[in-house]
Amino acid sequence: MKKFSMMVKQLLRSMKRFSIRNFVKKKYVPVYIVACVIFFFLTGIFVFDMIANKKKVDPIGNAGRIENPEVLDISNINKNISPEYPTITSVKDGIGNVNYSSFGQGNMDYWKSPSIKVDDMLKISVVANNPKGSELSYRYEYQVPGGTFQVLKDWSSSDSVDFVIPSNALGRWLYIKVSVRDTDKKYRFNDCDDYTSLIYEVNPKDVKNKIYPAISDSRDDKGNVNTNSWGANEGGSWPDGLPKNLKAGDTVTFMTTAVDPNKDMVEYRYQIQPQGGSFTVLKDWSSESTYTWTVPANYAGTTVYVMISVRDSDQYLLFNDSGDDYNYMIYTIK
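Shown next as structure tokens:
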């Protein structure tokens, strides 16, 4: 490198004496030719040395140096985590309804909750995709309105099951839950890899096209009106979703309008639930559609739910103990 530096200095001194006239006379041509040859030769040696001694860089971004990255073994990384899970792709009920959604897919968008009747036979069949190719097991459960899940058929290799709708499933909603898992015991959801539900409104066997009474609106004498109800699938709370304000000691009158297409007599019930508490009856089932309530002093600083239920005179209730339809009005008590 010292020789290279000296040659560069000599070249620079020569350039100071450079002139077009001298160059034309070829006085410095040999010097320039020799200097250029030496310059490019030494530059090539320097660049080659840099390349030859360049360090290998870790291709996965970690500290340190991998001399032979092509033999890096990453097969044991995350070896205890299953990279893919079985996923339900469809569930058929044998009467023309198909559910293409599941919680493993991250959606429940395709099921429209059809109506069936007591004693109807469902032939449930499942199609599931398993990227690992291992054997799958299936479980079938059901939940009647107001009940808890019961096992219809426990874990087995059977991808289908028959289910006769029981009489206690009457109303909304009957849930039929289908779960799937493989054999590796590395489950995506607690005890399964995927699951979905078929949800039905169950009507009486001996009543054709049963039509239930429905709440048109519930209101108070403070000017608040709730036009939502669970029977109309609109949710039960105020349309804007915001609690209304009352003060301890206030007196408020509730009024409910309900319509029964069959012209049956409609009954009403008013209940109340302080937040975190349980429902108590303010006024039990009767034909009177109004109720007047005075806010107790001990409710100050709480949120309360006033639930209004309606039912007709027959034995078939869409929402079990909650009647044929219901909604609720939420208040913050100052």
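Last residue of the sequence shown? That's 334 in my numbering, and every number before it is there in order.
C-beta: ideal position from N, C-alpha, C; glycine also.
Can you say whether residue i is buried or exposed, counting buried as having 16 or more other CB atoms within 10 angstroms of its CB?
| i | result |
| --- | --- |
| Met265 | exposed |
| Pro114 | exposed |
| Pro145 | buried |
| Pro213 | buried |
| Ser197 | buried |
| Gln315 | exposed |
| Ser158 | exposed |
| Ile121 | Note on residue identity: the sequence assigns Met, not Ile, to residue 121. With fewer than 16 Cβ atoms within 10 Å of its Cβ, Met121 is classed as exposed. |
| Asn190 | exposed |
| Ser278 | exposed |
| Ser218 | buried |
| Ser167 | exposed |
Can you give the beta carbon distance from residue i to residue j, rounded, assuming they're within the 8 Å contact cut?
| i | j | result |
| --- | --- | --- |
| Thr256 | Ile333 | The Cβ separation is near 21 Å, so there is no contact. |
| Tyr200 | Trp173 | 7 Å |
| Glu267 | Ser287 | 6 Å |
| Gly231 | Ile215 | 7 Å |
| Asn327 | Asn203 | 22 Å between Cβ atoms; not a contact. |
Less than 7 Å between C-beta atoms, sequence neighbours within five positions excluded: which residues of the same chain meet that for residue i?
| i | result |
| --- | --- |
| Gln105 | Thr87 |
| Tyr299 | Ala248, Pro274 and Ile333 |
| Asn107 | Ser101 |
| Tyr187 | Arg181 and Asp193 |
| Thr290 | Thr253, Phe254 and Met255 |
| Asp119 | Val164, Ile165 and Lys205 |
| Lys283 | Arg269, Tyr270 and Tyr291 |
Leaving aside the five residues before and after residue i along the sequence, list all residues of the same chain whose C-beta is less than 6 Å from its C-beta, in chain order.
| i | result |
| --- | --- |
| Glu234 | Asn228 |
| Pro261 | Ile211 |
| Lys244 | Asn224 and Tyr331 |
| Trp155 | Ser137 and Arg139 |
| Ser134 | Asp182 and Thr183 |
| Ile51 | Low confidence applies to Ile51: its pLDDT is 41, below 50, so where it sits in the model is not reliable enough to give any reading. |
| Thr294 | Thr251 |
| Gly94 | Leu122 and Lys123 |
| Asp162 | Lys123 |
| Trp285 | Glu267 and Arg269 |
| Asp220 | Val252 and Phe254 |
Could you please give me the residues that DSSP links to residue i through a beta bridge?
| i | result |
| --- | --- |
| Arg172 | Answer by DSSP bridge pairing: none, since Arg172 is not bridged. |
| Pro335 | Given that the chain is displayed from residue 1 to residue 334, the structure contains no residue 335 and the question cannot be resolved. |
| Gln143 | Tyr175 |
| Gln105 | Paired residues: none, contrary to the question. |
| Phe163 | Leu122 |
| Gln150 | Tyr142 |
| Glu135 | According to DSSP, Glu135 bridges with nothing at all. |
| Ala214 | Val259 |
| Leu198 | Ile176 |
| Tyr268 | Ser286 and Val310 |
| Val281 | Gln271 |
| Lys185 | None; Lys185 has no bridge partner. |
| Ser90 | Val127 |
Rounded to whole angstroms, what is the Cα-Cα separation between residue i and residue j?
| i | j | result |
| --- | --- | --- |
| Ser160 | Asp325 | 34 Å |
| Lys205 | Lys92 | 22 Å |
| Val207 | Thr303 | 41 Å |
| Leu152 | Lys177 | 9 Å |
| Val306 | Ser313 | 23 Å |
| Val252 | Lys222 | 7 Å |
| Thr183 | Ser125 | 20 Å |
| Tyr418 | Leu136 | With the chain covering only 1 through 334, there is no way to say anything about residue 418. |
| Arg181 | Gly96 | 26 Å |
| Pro296 | Leu246 | 11 Å |
| Leu170 | Ser322 | 13 Å |
| Asn130 | Tyr85 | 7 Å |
| Trp111 | Ile272 | 33 Å |
| Phe103 | Gly276 | 29 Å |
| Pro239 | Met329 | 10 Å |
| Lys263 | Val310 | 14 Å |
Keeping to the same chain, check which residues put their C-beta closer than 8 Å to that of residue i; ignore five residues upstream and five downstream.
| i | result |
| --- | --- |
| Phe149 | Glu141, Tyr142, Gln143, Tyr175 and Lys177 |
| Ser90 | Val98, Asn99, Tyr100, Val126 and Val127 |
Within 8 Å of any Cβ in chain C, is that where the Cβ of residue i sits?
| i | result |
| --- | --- |
| Thr196 | The structure shown has no chain C; it contains just one protein chain. |
Does the ligand MG have even one heavy atom less than 7 Å from the beta-carbon of residue i?
| i | result |
| --- | --- |
| Gly106 | With respect to the ligand MG, the structure shown offers nothing to examine, as it has no ligands at all. |
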